[in-house]
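Colleague:
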Amino acid sequence: MSDFLVIVESPAKAKTIERYLGKKYKVKASMGHVRDLPRSQTGVDVENNFEPKYITIRGKGPVLKELKTAAKKAKKVYLAADPDREGEAIAWHLAHSLGLDVKSDCRVVFNEITKDAIKESFKYPRPINMDLVDAQQARRVLDRLVGYNISPLLWKKVKKGLSAGRVQSVAVRLIIDREKEIQAFIPEEYWTIDCELIKGTDQFTASFHSLIGEEKTEVRSEEDVRRILREMDGHKFKVVSVSKKERKRNPAPPFTTSSLQQEAARKLNFRAKKTMMLAQQLYEGIELGKEGTVGLITYMRTDSTRISEVAQNEAVNFIKTAYGENYLKSDNRKERKQTNAQDAHEAIRPTSTFREPNSLKAFLSRDQLRLYKLIWERFLASQMAQAVMDTMSVDLQNGNAIFRATGSKIKFPGFMKLYVEGTDDQVDETNKMLPDLKEGDEVFQKDLEPKQHFTQPPPRYTEARLVKTLEELGIGRPSTYAPTLDTIQKRGYVSLDNKRFIPTELGEIVHEVMVEFFPDIIDVEFTARLEKGLDYVEEGKMPWIKLIDAFYREFETHLAKAEQEMEKVEIKDEPAGEDCEICGSPMVFKMGRYGKFMACSNFPDCRNTKPIVKEIGVTCPNCKKGMIIERKSKKKRLFYGCSRYPECDFISWDKPLPRNCPKCDGLLVEKKLKKGVQVQCIKCDYKEEPQS
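What follows is the structure in structure tokens.
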């Protein structure tokens with residue numbers, strides 16, 4: 001008989017924690033939630049203060065029975081679900097099912113799965129925080145009221161299998177609004193005039209800035225260019241001003257859930273769902289040989305950039321040893337504070353700074369290691385000194401035209417020695433220094449190049465951009481982003497093209513219905529206010545029933561109107577442009593859970609289906625008969641193969657090109673590099689210059 005029973009969510013954590021706590025403790029896993037609202041009905045009594053009807057989740061009976069048996073044998077039961085709202089709710093449900101007093105010191109939380117952190121947490125057990133439970137319960141009830149009332153309407157009036165939710169509906173709206181911006185965008189012409197200049201053996205570039213007497217001269221047409229060129233006099237430029245400054249750059253703060261998803265998308269090409277799955281594994285623990293199972297990072301669902309004093313001190317000691325004291329951050333540097341952050345626990349960081357990524361190569365998968373390295377470097381860099389840049393700006397005069405050249409050089413790398421935050425738009429981080437110039441110097445023109453440009457529409461959302469936007473608008477919380485992005489794709493509301501979201505016809509139809517009948521649900525400000533209301537519930541400033549009641553009174557009115565006035569929407573199948581080879585009926589495009597496919601229009605009499613084949617205009621180099629088509633592997637990775645498969649088994653991960661190698665007449669392919677692509681031959685050593 002064990003003296004103490006500890007219940008965690010995950011069996012992966014259970015063994016590790018049991019080893020840390022010793023023989024007096026028995027650790028078991030609840031495998032997540034044990035109770036929830038029923039799937040077959042709304043499960044919320046709107047006539048009785050929105051009382052939720054909880055039932056034991058199907059399949060959890062044996063788990064709950066085992067936990068009850070173990071609880072009866074133990075002197076004390078500790079509930080150690082994850083340290084967030086949902087974890088608090090799981091602990092509350094367990095307390096209810098096991099007959100525990102929620103006001104007793106039965107709750108323990110730990111931000112990291114390490115021996116010291118776990119032993120420390122058991123020194124300070126506490127009662128279950130009912131404000132946290134109420135906030136999670138309010139979210140669950142809100143989402144159930146929205147989903148279980150709107151979704152059946154969509155099934156009846158639009159198409160079966162659809163759903164509507166507070167956060168997902170706003171996410172789809174943002175994607176559709178951006179698409180409308182792009183379609184309505186009217187490009188505007190503008191020109192740049194770049195000049196290659198020479199001073200001695202040095203060469204640098206200056207760009208046209210203004211005509212004398214004007215603050216900044218706009219160059220909007222070829223006529224403007226000709227006017228500026230007429231104002232210039234010969235090939236000699238005179239330096240009229242030189243400005244040298246020192247600029248300091250701060251490191252990015254440690255990761256929150258949102259910023260981790262964004263940076264993993266930029267630097268590792270990870271989807272949000274994959275990032276969270278890998279982070280969960282690193283948090284719960286990895287087998288490290290003789291060390292046993294160790295949690296490598298702190299809890300990965302957080303909106304705080306706060307770091308514990310212990311972690312800061314450890315980072316200081318590591319930086320001193322590895323880089324020297326001059327790489328330590330100054331004490332007076334102000335840290336950026338996140339707005340709307342609940343600040344429930346720390347930022348995402350390694351549990352030990354001294355556990356360097358290279359030391360874990362033998363124990364982690366390639367992707368686990370890459371994500372751990374990203375987290376480790378980001379945290380350590382956040383505790384390092386500012387980077388110091390020397391910047392230089394030079395104005396040069398030719399006739400009545402002023403050209404400007406800028407340059408910068410890293411004077412002291414600081415945190416940049418280890419890590420630089422990524423951006424959605426590629427930025428050249430290399431040094432671009434100008435020659436030593438002073439007022440009165442003369443330099444000479446080597447080349448002058450006017451270029452025509454057109455303004456570009458706003459970019460479509462990548463996963464990283466969408467997560468960042470949702471966070472900035474106060475929509476959703478750290479735990480909601482990955483499942484939200486997954487849901488809107490599974491429902492067929494959006495698709496990904498070149499890693500960017502595009503709304504589908506179905507997504508636009510559902511959005512139009514929501515705009516007409518449920519404007520609040522897709523209103524960004526309204527949804528953000530609801531999130532703020534949930535925060536007030538968590539802080540004990542508002543009863544959860546009051547929040548739900550205020551929402552439901554308005555929602556009920558919209559719902560009644562929709563049930564009476566919403567008309568059935570007919571979604572016509574798009575012709576595929578070919579006939580069924582079985583019955584001769586026209587083939588049409590259909591939308592399935594894995595995307596578009598072709599199906600016979602004579603369904604259900606004919607059930608012929610086939611994938612959509614996309615030819616790339618290249619004849620198969622093996623059989624010379626088939627065409628190369630795009631295919632997808634089981635893991636959704638794009639590759640290229642012969643249309644005559646399985647008769648011809650040609651495949652290539654690199655995209656074949658419709659021109660042959662000039663050296664050996666072999667097949668040319670586009671090889672993807674870290675930055676850009678390179679054309680190369682699959683037979684000989686022919687390569688072309690990489691293109692960004």
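Its first residue numbered 1, the sequence shown is counted upward by one per residue in full-length UniProt numbering. Ideal placement from N, C-alpha and C gives every residue a C-beta, glycine not left out.
#1: Between the stretch 462–469 and the stretch 493–504, do at least 3 Cβ pairs fall closer than 8 Å?
#2: The beta strand (DSSP E) that contains H558, what's its start and end?
#3: Considering Cα atoms alone, identify which of F354, K236, A272 and I375 is closest to Y283.
#4: Counting Cβ pairs closer than 8 Å, one from the stretch 181–200 and one from the stretch 557–573, do we hit at least three?
#5: Please report the straight-line C-alpha distance between P543 and R144, rounded to a whole angstrom.
#6: At the level of alpha carbons, what is the spacing between T423 and M31?
#7: Could you give the DSSP three-state label for W155: helix, strand or coil?
#8: Rounded to the nearest angstrom, what separates V613 and L657 at their Cα positions?
#9: Any idea what DSSP makes of residue 768, helix, strand or coil?
#10: When you compare only the Cα positions, how much space is there between L360 and R370?
#11: Pairs of beta-carbons, one from the stretch 599–611 and one from the stretch 582–590, closer than 8 Å: are there three or more?
#12: Measuring straight from C-alpha to C-alpha, what distance separates A135 and A89?
#13: Are there 16 or more other CB atoms within 10 angstroms of the CB of C106, so buried, or fewer, so exposed?
#14: In angstroms with no decimal places, state the Cα-to-Cα distance between E472 and L296.
#15: In terms of residues, what are the limits of the beta strand (DSSP E) holding E615?
#16: Expressed to the nearest angstrom, what Euclidean distance is found between the alpha-carbon atoms of P586 and A576?
#17: Indicate the three-state DSSP secondary structure (helix, strand or coil) for P483 in the structure shown.
#18: My output table needs one value for Q680: the three-state DSSP class, helix, strand or coil.
#19: Apply the 10 Å Cβ neighbour rule to V8 and answer buried if 16 or more other Cβ atoms are within range, or exposed otherwise.
#20: Tell me, to the nearest whole angstrom, how far the beta carbon of I307 is from that of M384; I am working on the premise that it is less than 8 Å.
#21: Can you tell me whether DSSP reads Q397 as helix, strand or coil?
#22: May I ask you to report which of helix, strand or coil DSSP gives G577?
#23: Give every residue of the same chain whose Cβ lies closer than 6 Å to the Cβ of M276, excluding the five residues on either side of it in the sequence, and list them in chain order.
#24: Out of T619, E647, C648 and K672, which has the shortest C-alpha to C-alpha gap to L638?
#25: Using 8 Å as the threshold, is the stretch 396–410 in touch with the stretch 266–273, meaning 3 or more CB pairs across them?
#26: If I measure Cβ to Cβ from L64 and keep anything under 7 Å in the same chain, skipping five residues before and after, which residues do I get?
#27: Give a yes or no on whether the C-beta atoms belonging to L534 and R139 are separated by under 7 Å.
#28: Less than 7 Å between the C-beta atoms of D248 and V420, yes or no?
#29: Apart from the five residues just before and just after Q168, which ones in its own chain have a Cβ nearer than 7 Å to its Cβ?
#30: Cβ of E66 less than 7 Å from any chain C Cβ?
#31: In terms of residue numbering, what span does the alpha helix (DSSP H) encompassing P11 cover?
#32: Kindly indicate which three-state DSSP category V427 falls into: helix, strand or coil?
#33: Per DSSP, G641 is paired with what?
#34: Which one of T205, E112, Y323 and Y20 has the shortest CA to CA distance from residue 713?
#35: Name, in chain order, the residues that DSSP records as bridge partners for F589.
#36: Pull up the distance between the alpha-carbon of A95 and that of K13, whole angstroms please.
Modeller: Working from what's here:
#1: Yes, the stretch 462–469 touches the stretch 493–504.
#2: For this step, residue 558 is matched to residue 558 along the sequence shown. Premise fails: H558 lies in the alpha helix (DSSP H), W544 to E565, not in any beta strand (DSSP E).
#3: Against the sequence shown, residue 283 aligns to sequence position 283. Residue I375 is the option with its Cα nearest to Y283.
#4: No, the stretch 181–200 does not touch the stretch 557–573.
#5: Along the sequence shown, one-based indexing puts residue 543 at 543. Along the sequence shown, one-based indexing puts residue 144 at 144. If I take the Cα positions, the gap works out to 18 Å.
#6: As a first step, residue 423 is located in the sequence shown; it is residue number 423 there, counting from the start. As a first step, residue 31 is located in the sequence shown; it is residue number 31 there, counting from the start. Whole-angstrom Cα-Cα distance: 38 Å.
#7: Mapped onto the sequence shown, residue 155 falls at position 155. The three-state reading of DSSP puts W155 in helix, counting H, G and I together.
#8: Numbered from 1 along the sequence shown, position 613 holds the residue referred to as residue 613. Numbered from 1 along the sequence shown, position 657 holds the residue referred to as residue 657. Those two C-alpha atoms are separated by around 17 Å.
#9: A question about residue 768 goes unanswered here, because the residues of the chain that appear run from 1 up to 692.
#10: Taking the first residue of the sequence shown as position 1, residue 360 is located at position 360. Taking the first residue of the sequence shown as position 1, residue 370 is located at position 370. Going by the C-alpha atoms only, they are around 11 Å apart.
#11: Touching, yes.
#12: Taking the sequence shown and counting its residues from 1, one reaches residue 135 at position 135. Taking the sequence shown and counting its residues from 1, one reaches residue 89 at position 89. Roughly 9 Å between the two C-alpha positions.
#13: Locating residue 106 in the sequence shown gives position 106, counting from the first residue. The residue is buried, with at least 16 neighbouring Cβ atoms inside 10 Å.
#14: Stepping through the sequence shown from its first residue, residue 472 is reached at position 472. Stepping through the sequence shown from its first residue, residue 296 is reached at position 296. Roughly 29 Å separates the two Cα atoms.
#15: The count along the sequence shown starts at 1 and reaches residue 615 at position 615. Counting along the chain, the beta strand (DSSP E) containing E615 begins and ends at K614 to T619.
#16: One-based indexing of the sequence shown puts residue 586 at position 586. One-based indexing of the sequence shown puts residue 576 at position 576. Our two residues, P586 and A576, have alpha carbons roughly 8 Å apart in a direct line.
#17: Working through the sequence shown from its first residue, we reach residue 483 at position 483. P483 falls in the helix class under three-state DSSP.
#18: As a working note, residue 680 is residue 680 in the sequence shown. If DSSP states are grouped into helix, strand and coil, Q680 belongs with the strands.
#19: Taking the first residue of the sequence shown as position 1, residue 8 is located at position 8. By the Cβ-count criterion, V8 is buried, with 16 or more other Cβ atoms from all chains shown falling within 10 Å of its own Cβ.
#20: Your numbering for residue 307 matches position 307 in the sequence shown. Your numbering for residue 384 matches position 384 in the sequence shown. Their Cβ separation, rounded to whole angstroms, is 13 Å, which puts I307 and M384 out of contact at 8 Å.
#21: The sequence position of residue 397 within the sequence shown is 397, counting from 1. It is a strand residue.
#22: Indexing the sequence shown from 1 puts residue 577 at position 577. Secondary structure at G577: strand, using DSSP grouped into helix, strand and coil.
#23: Position 276 of the sequence shown holds residue 276. Contacts found: A482.
#24: Your numbering for residue 638 matches position 638 in the sequence shown. The residue with the shortest Cα to Cα distance from L638 is K672.
#25: Too few Cβ pairs lie closer than 8 Å, so no.
#26: Within the sequence shown, the letter at position 64 stands for residue 64. The answer, listed in chain order, is V34, T56 and S97.
#27: Here residue 534 refers to the residue found at position 534 when the sequence shown is read from its first residue. Here residue 139 refers to the residue found at position 139 when the sequence shown is read from its first residue. A contact, by the Cβ cut-off of 7 Å.
#28: As a working note, residue 248 is residue 248 in the sequence shown. As a working note, residue 420 is residue 420 in the sequence shown. Position check: residue 248 holds Lys in this sequence, whereas Asp was assumed. With respect to the 7 Å criterion, K248 and V420 are not classified as neighbours on the basis of their beta carbons.
#29: In the sequence shown, residue 168 corresponds to position 168, counting from 1. Setting aside the 5 residues that flank it on each side, Q168 is surrounded in the same chain by T484, T487 and I488, each with a C-beta closer than 7 Å to its C-beta; the list follows chain order.
#30: In the structure shown, chain C cannot be found, because there is only a single protein chain.
#31: The sequence position of residue 11 within the sequence shown is 11, counting from 1. Per DSSP, P11 belongs to the alpha helix (DSSP H) from P11 to L21.
#32: Here residue 427 refers to the residue found at position 427 of the sequence shown. Confidence in V427 is poor, its pLDDT being 48 and thus under 50, which makes the residue's placement unreliable; the coordinate value appears in the next sentence. Coil at V427, not helix or strand.
#33: Taking the first residue of the sequence shown as 1, we reach residue 641 at position 641. G641 pairs with I629 and I651.
#34: For the chain, the structure presents residues 1 to 692; residue 713 sits outside this window and is missing.
#35: Position 589 of the sequence shown, counting from 1, holds the residue named residue 589. For F589, which the question treats as bridged, DSSP gives the partners E574 and M598.
#36: On the sequence shown, position 95 is the one that residue 95 refers to. On the sequence shown, position 13 is the one that residue 13 refers to. Their backbone Cα atoms lie some 20 Å apart in a straight line.
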